[in-house]
Amino acid sequence: MALELRDTLSGEQRPLVPLEAGHVRIYSCGPTVYGPTHIGNFRSFLFADILVRYLRYRGLRVTWVMNITDVDDRIIANAAAEGTTIAELSDRWLEQFKADFAAVGMTPPDVLPRATEHIDAMTSLIQTLLDKGNAYRTDDGSVFFRISSWPAYGRLARLDPEQLQVGERVEADDYGKDDVRDFALWKAAKPGEPSWDTSIGPGRPGWHIECSAMSMRHLGTSFDIHTGGIDLIFPHHEDEIAQSEAATGQTFVGTWLHCDHLRLGGAKMARRVGNIARVADLLAEGVSPRALRYALIRVNYRQALEYTEDTLAEAGAAIERLDQVVTALSAYVEDRADDPEIAAFLTATREAFEAALDDDLNVSKALAALFDLVRDTNRRIADRRLSTSDAGRILELLRDLDRVLGVLTEASEALPAGAAALLEARAAARAGRDWAGSDRLRDELATLGVAVEDTRDGQRWRLLEPVS
Ligand SMILES: [Zn+2]
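Numbering (the numbering used here), first residue to last: 1 to 468.
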C-alpha cells in the first residue's frame, strides 16, 4: 500500500505499514462529556474519520477506538452545579455527542470506551508503574508518575525535560508531589468527589492514564495510529507515551497524527476564548450538516483552518455543485455510443484522488481532482457528449470516491416514502399535458422535501436540505 503519513514523533512522512498485515488499529482521543461538543473538536474527529474511511476504501480492515472521558474536574463541577450525578451528566452529553457525530456523517467508532468502565485497567497499569519504580504514592494516597525515571520524556513535544513548563492540567493536580513536572496517575479520594475503592486505594483516575489503559486494553500494547488535536501533544500524549512504554517496555504507537486548530475569527478556537460554535446549535439554526462536514474536512489536517462567516456558505456551494451533477447524471439519457475517452478519464481522476490522499491525507488536492471531474462532466452534459452508460459510470465513480468523503446523500435513502409514486404520477400528468396537475404534484413533492425540475431528460429531482 502506498499511503504515507507524517508522524509527529519522528517528524517524518513514511509509508503506513500495519503491525498486523491488512489490519490498522487506530486510537483517537475523544470528547470529555461535560457539555456540548464544538466544531473545533469535530475537526479533529472528522480528520480521523477521513483516515478510517480511506483505509477501508483501500480494502484494509480498521479497528477504531475513541475514548469517552466521563470523569474529570469539569464533569464533577458541572454535575455539582446542576445537583446531579456525574453519571447522569455524562450520559446526557454522550448521547448529544453521538447525535452530533451521526448528523455530520462521522463513521461510528468500533469502540467508544468510557473511562469509568475501565477503572480496573487503569489501576493495574498504575500498579505496574509502582512496581517498576516509575510511580510513587504521596501521603494522601495519590499516585504520580516520576518523570525523572523516564529519560525519553519530552521527545514528542521536542521539549527539554529539565526545562519543562508545567501544563495546566498538571498544575491543577496539587497533591503533594515530589517534582512539579510529575503528573497524577491516581487522585486520592476527596470529600464531595466521586471515587472508586480499588486495589491501589480509594480515588479516581487522572486524565492521561485513561487513554493508555483503554487504548492498550482494546488495541494491544502496541498499535498503529494515535490521533488527536495538536493541543494534546503536551502534556497529554507525552504522558501517555511515558506511562505506557515504561509499563510495557514496548513502542506504544507506530504513527502519531495531530490535527491543527480551527481558528474562529483568527483566534484559536477554544472555550476559554469564548468563541464557541457548537455543532448542535449550528444544526438547530438550519446549517446543512453536509455543508458543516465539508467545511471541516476540506482543509488538510496539518494546516490551521480559518473558520469565517463565509466558510459555511462556500461549503454549501460546493455541496450544491456536487448534488447538481449527481442529479443531472441520474436523469441523463442520451442514445449514443460510449466515448472511449471516458474510461481513461475516470481512471485518471481516481488515481489523482488516491495519490492526493496517499500523500498524508491531502484532502484539498483530492477535492480538486473531484471538482475537475465535475467541471468536465457538466460540459459534457451540456453538449450532450455522454452516452447514458457513460453517465452511469461517472456517477458510480462519484459515489465510490464519496465513501471517503461522505458528503453526498445516500442513494438508497434518497427518496422519502411516497415520493416515487408522486414523481411517477407527475410524469404521467405532464405526458398528458395536465399542467395544473403537474404543478400540484410538484407542491406535494416539495412538502416531502423533494425539489423537481423539468429538463429535456424528463424530471430531475433532488432533496431539499432540511430546515433544521
Ligand atoms: Zn487521550
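C-beta: ideal position from N, C-alpha, C; glycine also.
Trp256: member of the beta strand (DSSP E) spanning Val253 to Cys259, first to last residue.
If you draw a straight line from the Cα of Arg53 to the Cα of Ser44, it is about 14 Å long.
Per DSSP, Arg399 lies in no beta strand (DSSP E) segment; the continuous alpha helix (DSSP H) that holds it begins and ends at Thr388 to Leu405. Looking at Leu322, Asp310 and Thr85, the one whose alpha-carbon comes closest to that of Gly192 is Thr85. Using a Cβ distance threshold of 8 Å, Ala246 and Leu129 count as a contacting pair. Here DSSP, grouped into helix, strand and coil, assigns Ile76 to helix. Assignment of Pro340 by DSSP, reduced to helix, strand and coil, places it in the helix class. The DSSP-derived three-state label of Thr198 is strand. For Pro202, the number of other beta carbons within 10 angstroms of its own is below 16, and it is reported as exposed. Rounded to the nearest whole angstrom, the C-alpha separation of Arg58 and Ile200 is 45 Å.
The nearest non-hydrogen atom of ligand 1 is less than 7 Å from the C-beta of Gly228. Around the beta carbon of Ala184, a 10 Å sphere encloses 16 or more other beta carbons of the protein chains shown; the residue is thus reported as buried. When secondary structure is reduced to three states using DSSP, Arg350 falls in the helix class.
For the 8 Å CB-CB criterion, Thr107 and Asp49 form a contact.
If you check the CB distance, Thr251 and Ser222 come in under 8 Å. Rounded to whole angstroms, the separation of the alpha carbons of Leu441 and Gly432 is 14 Å. A straight-line Cα-Cα distance of about 14 Å links Leu415 and Gln459. Counting other Cβ atoms within 10 Å of its Cβ, Arg290 reaches 16 or more and is therefore classed as buried.
Going by DSSP, Gln459 is part of the beta strand (DSSP E) stretching over Gly458 to Leu463. Relative to the non-hydrogen atoms of ligand 1, the Cβ of Asn67 comes within a distance shorter than 7 Å of at least one.
Non-local beta-carbon contacts of Val62 in its own chain, meaning distances under 7 Å to residues more than five positions away in sequence, involve Val24, Ile26, Val52, Leu55 and Arg56 in chain order. In this structure, the beta-carbon distance from Thr227 to Leu257 falls below 8 Å.
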